[in-house]
Amino acid sequence: MNTISLLTDFGLVDHFVGVMKGVILKINPAASVVDICNEVKPQGIFDAAFLLRNSYAYFPNGTVHLVVVDPGVGTERKAVIVKTKNYFFVGPDNGVLDLALKEEKPTKIIHITNDKYFLKPVSDTFHGRDIFAPVAAYLSKGKSLSNFGKKIGFLKNLEFPDLCYDEKKLKGEVVYIDRFGNLITNIDSRALEKFIKGNKFIIKISGCTLDKLSRGYSEAGTDAPLALIGSFGFLEVSVNIGSASAYFSARKGTAVEVEIL
Amino acid sequence: MNTISLLTDFGLVDHFVGVMKGVILKINPAASVVDICNEVKPQGIFDAAFLLRNSYAYFPNGTVHLVVVDPGVGTERKAVIVKTKNYFFVGPDNGVLDLALKEEKPTKIIHITNDKYFLKPVSDTFHGRDIFAPVAAYLSKGKSLSNFGKKIGFLKNLEFPDLCYDEKKLKGEVVYIDRFGNLITNIDSRALEKFIKGNKFIIKISGCTLDKLSRGYSEAGTDAPLALIGSFGFLEVSVNIGSASAYFSARKGTAVEVEIL
Amino acid sequence: MNTISLLTDFGLVDHFVGVMKGVILKINPAASVVDICNEVKPQGIFDAAFLLRNSYAYFPNGTVHLVVVDPGVGTERKAVIVKTKNYFFVGPDNGVLDLALKEEKPTKIIHITNDKYFLKPVSDTFHGRDIFAPVAAYLSKGKSLSNFGKKIGFLKNLEFPDLCYDEKKLKGEVVYIDRFGNLITNIDSRALEKFIKGNKFIIKISGCTLDKLSRGYSEAGTDAPLALIGSFGFLEVSVNIGSASAYFSARKGTAVEVEIL
Numbered sequence: 054m055n056t057i058s059l060l061t062d063f064g065l066v067d068h069f070v071g072v073m074k075g076v077i078l079k080i081n082p083a084a085s086v087v088d089i090c091n092e093v094k095p096q097g098i099f100d101a102a103f104l105l106r107n108s109y110a111y112f113p114n115g116t117v118h119l120v121v122v123d124p125g126v127g128t129e130r131k132a133v134i135v136k137t138k139n140y141f142f143v144g145p146d147n148g149v150l151d152l153a154l155k156e157e158k159p160t161k162i163i164h165i166t167n168d169k170y171f172l173k174p175v176s177d178t179f180h181g182r183d184i185f186a187p188v189a190a191y192l193s194k195g196k197s198l199s200n201f202g203k204k205i206g207f208l209k210n211l212e213f214p215d216l217c218y219d220e221k222k223l224k225g226e227v228v229y230i231d232r233f234g235n236l237i238t239n240i241d242s243r244a245l246e247k248f249i250k251g252n253k254f255i256i257k258i259s260g261c262t263l264d265k266l267s268r269g270y271s272e273a274g275t276d277a278p279l280a281l282i283g284s285f286g287f288l289e290v291s292v293n294i295g296s297a298s299a300y301f302s303a304r305k306g307t308a309v310e311v312e313i314l
Numbered sequence: 054m055n056t057i058s059l060l061t062d063f064g065l066v067d068h069f070v071g072v073m074k075g076v077i078l079k080i081n082p083a084a085s086v087v088d089i090c091n092e093v094k095p096q097g098i099f100d101a102a103f104l105l106r107n108s109y110a111y112f113p114n115g116t117v118h119l120v121v122v123d124p125g126v127g128t129e130r131k132a133v134i135v136k137t138k139n140y141f142f143v144g145p146d147n148g149v150l151d152l153a154l155k156e157e158k159p160t161k162i163i164h165i166t167n168d169k170y171f172l173k174p175v176s177d178t179f180h181g182r183d184i185f186a187p188v189a190a191y192l193s194k195g196k197s198l199s200n201f202g203k204k205i206g207f208l209k210n211l212e213f214p215d216l217c218y219d220e221k222k223l224k225g226e227v228v229y230i231d232r233f234g235n236l237i238t239n240i241d242s243r244a245l246e247k248f249i250k251g252n253k254f255i256i257k258i259s260g261c262t263l264d265k266l267s268r269g270y271s272e273a274g275t276d277a278p279l280a281l282i283g284s285f286g287f288l289e290v291s292v293n294i295g296s297a298s299a300y301f302s303a304r305k306g307t308a309v310e311v312e313i314l
Numbered sequence: 054m055n056t057i058s059l060l061t062d063f064g065l066v067d068h069f070v071g072v073m074k075g076v077i078l079k080i081n082p083a084a085s086v087v088d089i090c091n092e093v094k095p096q097g098i099f100d101a102a103f104l105l106r107n108s109y110a111y112f113p114n115g116t117v118h119l120v121v122v123d124p125g126v127g128t129e130r131k132a133v134i135v136k137t138k139n140y141f142f143v144g145p146d147n148g149v150l151d152l153a154l155k156e157e158k159p160t161k162i163i164h165i166t167n168d169k170y171f172l173k174p175v176s177d178t179f180h181g182r183d184i185f186a187p188v189a190a191y192l193s194k195g196k197s198l199s200n201f202g203k204k205i206g207f208l209k210n211l212e213f214p215d216l217c218y219d220e221k222k223l224k225g226e227v228v229y230i231d232r233f234g235n236l237i238t239n240i241d242s243r244a245l246e247k248f249i250k251g252n253k254f255i256i257k258i259s260g261c262t263l264d265k266l267s268r269g270y271s272e273a274g275t276d277a278p279l280a281l282i283g284s285f286g287f288l289e290v291s292v293n294i295g296s297a298s299a300y301f302s303a304r305k306g307t308a309v310e311v312e313i314l
């Protein structure tokens, strides 16, 4: 139980992430800290939530997932530990854990209040360093949950765009764009399968039509668009050896429709 | 004594940082190398010095802080090891260690000359790989200081902008801007407290006036400016959920004044 | 044999690299994963090959070099393990290993086919996660080569620009530009030495002439150009405390000539 994953919006041009790692190693020299991503855009709660959902389960059982995207730092938003069957999650209660916890249900939620485990003096602007990192470090050393605060029942939800259905159309949207310009939608593979049920269909985006699901990027020619179920498990629109984001001038929120023929 | 922190301007688009880590692990497989930051702007001695000052003390006692921002590589500038009460610092003698060493005084300074601990052939352009990384690795294995070279008495200073005082005004400036656009000044919390002594005051920047110190970012409305003592321990001008750097068109050197009313 | 180096084009703004590390640690908790570089430009096989060539030998013997720049993911391109005297290399057979393997010859090549060591279900878009990371992890645990698939005899070559010679001229070109704007050419130090044989020579680039090889950057004045044998072991054109790329408006492919006087 010595792996701590790190997901923040602190970026890599300053010292914030390094300081958190120093704090962790000072408390638990045996901890192995692994970056999931520290380049989430500032205050990007949704992006962090989406990346966490698509990452957490690949880590060893017992991993402490430390997530600090925390625009409400210094306000009354709670700091929490969430235990699930296989993992611990530590972060602010602002929805950033919500998508992961829809996949793997919480078995216990703790409101972190015991300042015995904080770095003092606690700043009002960098709880990543002063609260979240030390708590994650003590957790990774095996300190039991009850030490950190009282049990609570609920966490803040995150708004995730709903799918719209009618008989012939499933309407979703782009929710995430990766470094390659791939457009990841909110249409997950199960929803898609259930909707098309073996029928012929087309996929529409930005006035263009794609008439099948490809298996890999290179089923399309170089610079040609395609749709597939990507490694996130969602319908994804891509361009082979190119950027679908540029090709379709798409952004988050761009509509993607599946239409039964 | 197996943690080595790394602070460089080598960036992450090339292999420089990875190669230094390879060199370290080849010498000390038990070393745990932690990045403080490798995205210091090229030749940014001041920025690195400022980040080091605000990071070093969060690491475990015995950590070797390896700092390579080295525009003078291949010249007569010295390579040094500095021992303090709790840490080792390894880097070029160009001022980059100076701000940290004003906080924690050197107990011994060694001019690194013994090429027994260098990677051969020693290049004239990448002492990070050929001198600093191997020396840090041997240090982290417990090799004693006297092996690396002779004791010296002084290090190069770094110019840090002075505060200007008159009876009613304390004049400082922006010395660092972080990824969020927060403007960190050279006015540290002790100097500020001593100056205002409980009097009413205002803070002036770029023609605007702030009339109090906030505790956290969210005391201001979204996109509104505020001043606070930030996690660096200095007076900081920020914009809640926004960039003070953009808001005030500020850059390094922009004046920040505290005026007693 | 627990070090795994990582060289990819996955970038740091998404979760791809973090997920690969999670997968590795789940299989081999004792693995130490070290990034060589994850910011290779998307599909940049040549750049990755060049960085690998200049990095691999600095790592401890037994290191598994995991290289995933894989525009052909999901096609018939092979996944391979290459054993050399001191290292293992794991990656797609698309030329990305070629430059390193010209320096240290393969002693065995395995075509990875045994899906017992894959993460299931295997996606068609992220073999870094589903095939390469788990195979590297099992290798780093000491699993022997024959488990992963059958021996094969050849790998794909990478096109590396040839040098052109006549009696008085050696014509090369820029093949890589680093973060500092240094222009690294395809003229390696041995080829250069053999060509100039102690004669006087000049170096020409973009209409400018440099009349000697410097030892370090600071032999030239600030913002002045120079040529030297850089830390890659190749002829390099640089600007002291500046960017040669900007100074010469140079890019990959820009001609660099050495002329005997």
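Chains as they are written, first to last, in the working numbering: chain C, 54 to 314; chain B, 54 to 314; chain W, 54 to 314.
A virtual CB, placed ideally from N, CA and C, is assigned to each residue, including glycine.
{"Item": "Residues, ordered as in the chain, of the region 102 to 115 of chain W that lie near chain B by beta-carbon distance below 7 Å", "Value": "Leu104, Asn107, Ser108, Tyr111, Phe112 and Pro113"}
{"Item": "Residues that B:Val117 contacts on chain C, provided the C-beta gap is smaller than 7 Å", "Value": "None at all; the shortest Cβ gap to chain C is about 12 Å."}
{"Item": "Expected contact under 8 Å - CB spacing of C:Val143 and C:Val117 to nearest Å", "Value": "6 Å"}
{"Item": "Residues within the region 225 to 242 of chain C neighbouring chain B, beta-carbon criterion of under 8 Å", "Value": "none"}
{"Item": "Per-residue contacts from W:Lys74 into chain C (C-beta, under 7 Å)", "Value": "Val87"}
{"Item": "First through last residue of the beta strand (DSSP E) which encompasses W:Pro159", "Value": "Pro159 to Ile165"}
{"Item": "Three-state secondary structure assigned by DSSP to C:Ile294", "Value": "coil"}
{"Item": "Neighbour flag for B:Lys79 against chain W, beta carbons, 7 Å", "Value": "yes"}
{"Item": "Minimum Cβ-Cβ distance from C:Thr307 to chain W less than 7 Å", "Value": "no"}
{"Item": "Cβ-Cβ distance between B:Leu223 and B:Val311 below 7 Å", "Value": "yes"}
{"Item": "Simplified DSSP state of C:Pro187, which is helix, strand or coil", "Value": "helix"}
{"Item": "Whole-number beta carbon distance between C:His68 and B:Phe107, since they are thought to touch under 8 Å", "Value": "For clarity, residue 107 of chain B is Asn in the given sequence; the question names Phe instead. With 8 Å as the limit, B:Asn107 and C:His68 qualify as a contact, their Cβ atoms being about 6 Å apart."}
{"Item": "Cut-off 6 Å between Cβ atoms - residues of its own chain near C:Ser9, not counting five sequence neighbours on either side", "Value": "This structure cannot settle anything about residue 9 of chain C, because the visible part of chain C is limited to 54 through 314."}
{"Item": "Ordered list of beta strand (DSSP E) runs contained in the region 63 to 109 of chain C, each at least 3 residues", "Value": "85 to 90"}
{"Item": "Own chain residues within Cβ distance below 8 Å of W:Gly97, not counting five before or after", "Value": "Asp62 and Val122"}
{"Item": "Neighbour-count burial assignment, B:Ser58, 16 or more Cβ in a 10 Å radius", "Value": "buried"}
{"Item": "Reduced DSSP secondary structure (H/G/I, E/B, other) of B:Asn114", "Value": "coil"}
{"Item": "Coarse secondary structure for W:Ser259, derived from DSSP in three states", "Value": "coil"}
{"Item": "Contact set between the region 156 to 189 of chain W and chain C, restricted to residues whose Cβ is under 7 Å from the partner", "Value": "Ser176, Asp177, Thr178, Phe179 and Arg182"}
{"Item": "Extent of the continuous beta strand (DSSP E) to which W:Phe201 belongs", "Value": "Here W:Phe201 belongs to no beta strand (DSSP E), and DSSP marks it neither H nor E."}
{"Item": "Residues in the region 283 to 313 of chain B having any Cβ partner in chain C nearer than 7 Å", "Value": "Gly283, Ser284 and Ile294"}
{"Item": "Same chain, Cβ closer than 8 Å to B:Glu303, five either side skipped, listed in chain order", "Value": "The residue asked about is misnamed: residue 303 of chain B is Ala in this sequence, not Glu. Within the same chain, B:Ala303 has close Cβ partners Val227, Ile230, Leu236, Ile258, Ser259, Val290 and Ala297."}
{"Item": "Pairwise C-alpha distance: C:Val309 and C:Gly225", "Value": "5 Å"}
{"Item": "N-terminal and C-terminal residue of the beta strand (DSSP E) that B:Leu59 is part of", "Value": "Thr56 to Thr61"}
{"Item": "Residues that B:Gly125 contacts on chain W, provided the C-beta gap is smaller than 7 Å", "Value": "Ser271"}
{"Item": "Helix, strand or coil at C:Ser284 according to DSSP, with G and I counted as helix", "Value": "coil"}
{"Item": "Contact set for B:Leu65: own chain, Cβ-Cβ below 7 Å, skip 5 residues either direction", "Value": "Asn91 and Glu92"}
{"Item": "The region 182 to 197 of chain W / the region 71 to 81 of chain W touching (three or more Cβ pairs under 8 Å)", "Value": "yes"}
{"Item": "Pick from B:Gly251, B:Ala280, B:Phe213 and B:Gly269 that is closest to C:Val175, judged by C-alpha positions", "Value": "B:Gly269"}
{"Item": "Helix, strand or coil at W:Gly251 according to DSSP, with G and I counted as helix", "Value": "coil"}
{"Item": "Burial state of B:Asp276, where buried means 16 or more other Cβ atoms lie within 10 Å", "Value": "exposed"}
{"Item": "Buried/exposed call for C:Ser267, threshold 16 Cβ in 10 Å", "Value": "buried"}
{"Item": "Minimum C-alpha distance to C:Asn139 - residue among C:Ser199, C:Glu156 and C:Leu172", "Value": "C:Glu156"}
{"Item": "7 Å Cβ cutoff, C:Glu246 in contact with chain W", "Value": "no"}
{"Item": "Cβ pair W:Lys131, W:His164 closer than 7 Å", "Value": "yes"}
{"Item": "C:Val67: contacting residues in chain B (beta-carbon distance under 8 Å)", "Value": "First, the amino acid is wrong: residue 67 of chain C is Asp here, not Val. Within 8 Å Cβ-Cβ: Cys90, Leu104, Asp231 and Arg232."}
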